[in-house]
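Student:
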Amino acid sequence: KPVLKSMELIKKQGVHLEIVHLTIPTLNDSDKEIKEMSKWIKENLGEFVPLHFTRFHPTYKLKNLPPTPSATIIRARELALAEGLKYVYTGNLPGNDGENTYCHKCGKLLIRRLGFYIKENKIKSGKCSFCDEKIPGVFI
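Heads up: the sequence shown is residues 1 to 140, going by our numbering.
1. Taking a contact to mean a Cβ-Cβ separation below 8 Å, would you say Gly95 touches Leu114 in this structure?
2. Compare the Cα-Cα distances from Glu120 to each of Thr72, His16, Asn100 and Phe130 and report the closest residue.
3. Does Gly98 pass the burial test, meaning 16 or more other C-beta atoms within 10 Å, or should it be called exposed?
4. With DSSP run on the structure shown, which of helix, strand or coil describes Gly91?
5. Kindly indicate the opening and closing residues of the beta strand (DSSP E) around Ile118.
6. Roughly how many whole angstroms lie between the Cα atoms of Ile10 and Asn28?
7. For Gly91 and Thr54, which I take to be in contact (beta-carbon distance under 8 Å), what is that distance rounded to the nearest angstrom?
8. My output table needs one value for Lys124: the three-state DSSP class, helix, strand or coil.
9. At the level of alpha carbons, what is the spacing between Cys128 and Leu62?
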């Protein structure tokens with residue numbers, strides 16, 4: 001609850017907020033949990049808050065679980081998009097389309113990424129260069 005309240009406060013204060021969900025097999029990767037979380041985000045933080053699903057890799061004290069399958073991360077993104085979130089990303093899957101940013105209005109590719117590298121950026125003055133829609137976020 002403290003984390004949820006903190007996110008609500010951050011959003012209410014107008015601070016840019018992005019959420020990273022480390023998706024761990026058997027602990028937080030069920031369709032039900034992903035749908036509930038996505039619904040909560042949309043209802044309490046808004047449909048434009050970016051949500052990143054990232055793959056877990058066993059290390060340190062949690063070596064007994066396998067790495068998150070790529071298919072799980074892709075499915076989580078699909079579920080969150082189906083719940084109405086507009087900016088949902090896949091993490092630790094270099095080359096996957098889920099790394100990229102697409103316009104929530106026209107659907108065109110705006111930012112093409114490869115891992116941490118931006119390969120192409122079609123956002124101009126905070127807007128989609130195709131349909132002129134304002135794209136939520138902080139762009140320098």
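The C-beta atom is built at its ideal place from N, Cα and C for all residues, glycine as well.
Tutor: In short, the structure shows the following:
1. yes
2. Asn100
3. buried
4. strand
5. Tyr117 to Asn121
6. 24 Å
7. 3 Å
8. strand
9. 42 Å
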